[in-house]
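See structure below.
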Amino acid sequence: MGSLVPLGGDLPDESRALAEALRGLFDGLGLSVRRYAARRSWDAGSISRFLNGTRVPTWDFVTTLIGDVAEQHRPLTPEATELLRRLHREALARSGSSTHRVQVLEDELAEADRQSTRSAALVRALEGALVDAQHRVSDLEVQIGQLRAHHDRERADTDKALRLYEDQMSGLRRERLSLIEQVEALGEELRDAHARRMEAERRCEELERELITVEEQQGREDVGPDQAGDGYVDSLGEDGDSVGDHGDDPLNEFLVPGRQTGRQTGRQTGRQTGRPPRPAWVGHSSTQTRASPPKDPHAAPKDLHPAHIFDTLIVGESNRFAHAAAEAVAESPGKTYNPLFLYGASGIGKTHLLHAIGHHARRLHPNIRVRYVRSEDFRRAILDVDILLVDDVQFLRDDRAALDELLRTFNILQEAGRQIVLSSDRPPKQLPYLGDRLRSRFEWGVVTHIQPPELETRFALLSRRVREKQLTVDPEALEFIAAHTSRNIRELEGALNRVTAYARLNRAPVDLDLAATVLKDLVPDRGPSRGERVGELIATATADHFGMELGELRSRNRSRALVTARQIAMYLCCELTDLSRPKIGELFHREDPAVVDHAEHKIRALMAERRSIYNQITELTVRVKDAVDALAD
Ligand SMILES: Nc1ncnc2c1ncn2[C@@H]1O[C@H](COP(=O)(O)OP(=O)(O)OP(=O)(O)O)[C@@H](O)[C@H]1O
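Reminder that position 51 of the sequence shown reads as 51 in the UniProt record's numbering, one-by-one numbering, no gaps.
This is the structure we're talking about:
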């Protein structure tokens, strides 16, 4: 490689600086000037002049040299390239050649061109974006138009629906208003009717009391002073007949309690015939069933207590299901629960429910044939019925013939889709003596347990009784009675009766203190297993109290003193034990439980009338309580 001559001393600084930079680059090629000129087909003299600084090269030459050096080594950094460009411009400017001017203009042109290119790209991008935005705007306008139309349609529909709704609402409001007025008017009428009924009831009670007094006087006159010894004159025998009339079948002789029935039919008719007819709702006695079977199978059931209807039944948790099932059965006999088997302790409302089914069914289906029968009275098949109500099946005796008849009745009625309702103090499983076939049939439908009434139900029941009898009782006293008598409704009613009777005799208000005083002596501990023993204690204590033999108390003797003592003993058994009516009857050798009902109602009424009776009951209660306590010890 031929070496380059040193740079001339007179070279302007700008030319020298460029020449030195170019030489540095050129050295990197490792070629002679001639050889490089041949490779690039350039003139070697011109290249020498460029490298000696005597002539300023074109920028093309410089960039070609930069490219060639980069091929052999590595590319120049942008900073080095820019430095070369600056040196090249300064050298050109210093030389004053037209090339410099051309170069400057070319640079500016290139720069302007670059800007134009960039601007053109930007314009294209903006034009594209503009078109896109315009399309989007058009789309949105279409959508907005559609939505507006939809909104207008919807609003029109809604306005229409609202107008319709408001019309309906105001129609309903008008109707409701007029119904509220009707309800108020009907409520008013109902209250008046209740008040009239209460007044009539009160008057009946007055008259009944008057009647008792007159009859007692009559009795005294009839029997003479010797026989009226105990100061209490029972104008009716224990079974409702005149005391001293020994001639007839005793089962026909009782007058079943119930103010209405006794008042309306029993007493007057009894006087005409010499024997009071059985009130309409009393169950047929065995004698009656045998002697006079119902002549017309479609006749209204005459053996249902008029007050034992669903309306008078208090419903609580303890009997809710039984009540619902009973209603369903009355509404659709033979369709829902067949048979329906209700069980629960004595005095818990089983008979009431059975009667209520009968009444309700008759009201809903006027031609329906309903028959209520106590199990002890069941003697032969009963087939001419749509609903058969059999009460207290635990008393079905070990009488094969009667059990066979019941089985036959059951099978035929079931097959014909007739309704059967049964009650018992225990579930079918605990009635083994009835035999497997009957027992299992009792379980075919629904078996439901009526529990002892819970506190709310007891309170509700007491409140109702107080309203019915138009008594004034402090609610606290009612709460106390409800809280302290928990087993069954009879016990509850007995307790209320004691408290109100005591208050009446002493002309004292019925408040908490009075209730607590009166009830403190009630026998508290009553278990099913104790019932019969307590019943025996009552019988013994009563006989003792009245100075008679136990055998006399249980005899058929109807002397006034014996009748009274017997009725008091029966009353105490009702109030102080869980024994059922038939069981109490048995205790005093009476077959018909209605005798017990009569005794209970009679003594209950007399307690509020006669202090002597009240005192005797209280005294006997204390004696029985002491005896029970002694038993427990
Ligand atoms: N839930 C109740 N609501 C209103 N009164 C009731 C209720 N339960 C029972 N009674 C009343 O209590 C009394 C006794 O009821 P009921 O004779 O029906 O009992 P029972 O269970 O059949 O007793 P027993 O097994 O001794 O025959 C009746 O006067 C009845 O009207």
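For glycine and all other residues, C-beta sits at the position ideal for the given N, C-alpha and C. The model shown is predicted, which means the values in this text are computed figures rather than measured ones.
What span of residues does the beta strand (DSSP E) with residue i cover, start to end?
i           : result
ASP592      : Run containing ASP592: none; DSSP gives neither H nor E here.
GLN419      : 419-424
residue 656 : Nothing can be reported for residue 656: it is not among the residues displayed for the chain, which extend from 1 to 633.
THR485      : Segment: none, THR485 is in no beta strand (DSSP E) and carries neither H nor E.
LEU388      : 387-391
Given a cut-off of 8 Å on the beta-carbon distance, is the pair residue i and residue j in contact?
i      : j      : result
HIS365 : HIS305 : no
TYR502 : TYR614 : yes
LEU51  : ARG23  : yes
LEU422 : VAL385 : no
ILE481 : LEU505 : no
PRO339 : GLY417 : no
SER346 : SER612 : no
THR409 : LEU389 : no
LEU407 : LEU396 : no
ALA330 : HIS352 : no
SER119 : VAL56  : no
LEU76  : ALA21  : no
GLY316 : THR448 : no
THR485 : GLY535 : no
ASP399 : ARG374 : no
CYS573 : LEU587 : yes
Using the C-alpha atoms, what's the distance from residue j back to residue i?
i      : j      : result
ASP377 : ALA324 : 28 Å
ALA565 : ARG533 : 19 Å
ILE412 : GLU575 : 40 Å
ALA460 : GLY344 : 20 Å
VAL499 : THR336 : 43 Å
ILE617 : THR517 : 15 Å
PRO78  : ARG86  : 12 Å
LEU25  : ALA112 : 30 Å
ALA133 : THR117 : 24 Å
ALA477 : PRO593 : 32 Å
ALA300 : ARG610 : Residue confidence for ALA300 is low, a pLDDT of 43 falling below 50, so the modelled location carries little weight; the figure read from the coordinates is stated next. Spanning the two alpha carbons is a distance of roughly 39 Å.
ILE538 : MET548 : 13 Å
LEU130 : THR158 : 41 Å
ARG426 : ARG380 : 24 Å
LEU512 : ARG362 : 43 Å
SER440 : GLN430 : 11 Å
ASP68  : LEU29  : 7 Å
ALA70  : ALA37  : 18 Å
ALA80  : THR63  : 12 Å
ASN488 : SER318 : 11 Å
THR621 : TYR372 : 35 Å
GLN260 : CYS204 : Its pLDDT being 33, under 50, GLN260 is placed unreliably by the model, and the measurement read from it follows with that caveat. When rounded, the distance between both Cα atoms is 8 Å.
THR58  : GLN72  : 22 Å
LEU186 : ALA193 : 10 Å
Which residues bound the alpha helix (DSSP H) around residue i?
i      : result
TYR372 : Unbroken run through TYR372 is the beta strand (DSSP E), 370-374; no alpha helix (DSSP H).
HIS73  : From DSSP, HIS73 is part of no alpha helix (DSSP H); its letter is neither H nor E.
HIS88  : 78-95
HIS449 : Where HIS449 is concerned, there is no enclosing alpha helix (DSSP H), although the beta strand (DSSP E) it sits in stretches over 446-449.
ASN411 : 400-415
LYS350 : 350-364
HIS323 : 320-331
ILE568 : 560-576
PHE459 : 455-468
TYR36  : 33-40
ALA19  : 13-27
ILE314 : It is not in any alpha helix (DSSP H) - ILE314 carries neither H nor E in the DSSP assignment.
LEU553 : 550-553
PHE546 : From DSSP, PHE546 is part of no alpha helix (DSSP H); its letter is neither H nor E.
VAL518 : 512-519
LEU438 : 436-442
ALA52  : Before going on, a small fix: residue 52 reads as Asn here, not Ala. Element bounds for ASN52: 44-52.
Less than 8 Å between the CB atoms is what I'm expecting for residue i and residue j, so what's the real figure, rounded?
i      : j      : result
SER15  : GLY53  : 4 Å
GLY358 : ILE387 : 7 Å
PHE442 : PHE341 : 5 Å
LEU31  : ALA19  : The Cβ separation is near 17 Å, so there is no contact.
ALA627 : ALA543 : The pair is not a contact, with the Cβ atoms about 13 Å apart (cut-off 8 Å).
So, is the C-beta of residue i closer than 8 Å to a C-beta in chain B?
i      : result
GLU600 : The structure shown has no chain B; it contains just one protein chain.
Can at least three beta-carbon pairs, one atom from the stretch 441-461 and one from the stretch 488-502, be found at a separation below 8 Å? yes
Does the stretch 472-480 come within contact of the stretch 551-569, defined as at least 3 CB pairs closer than 8 Å? no
Could you check whether the stretch 307-316 touches the stretch 429-436, counting it as contact only if at least three pairs of C-beta atoms, one from each stretch, sit closer than 8 Å? no
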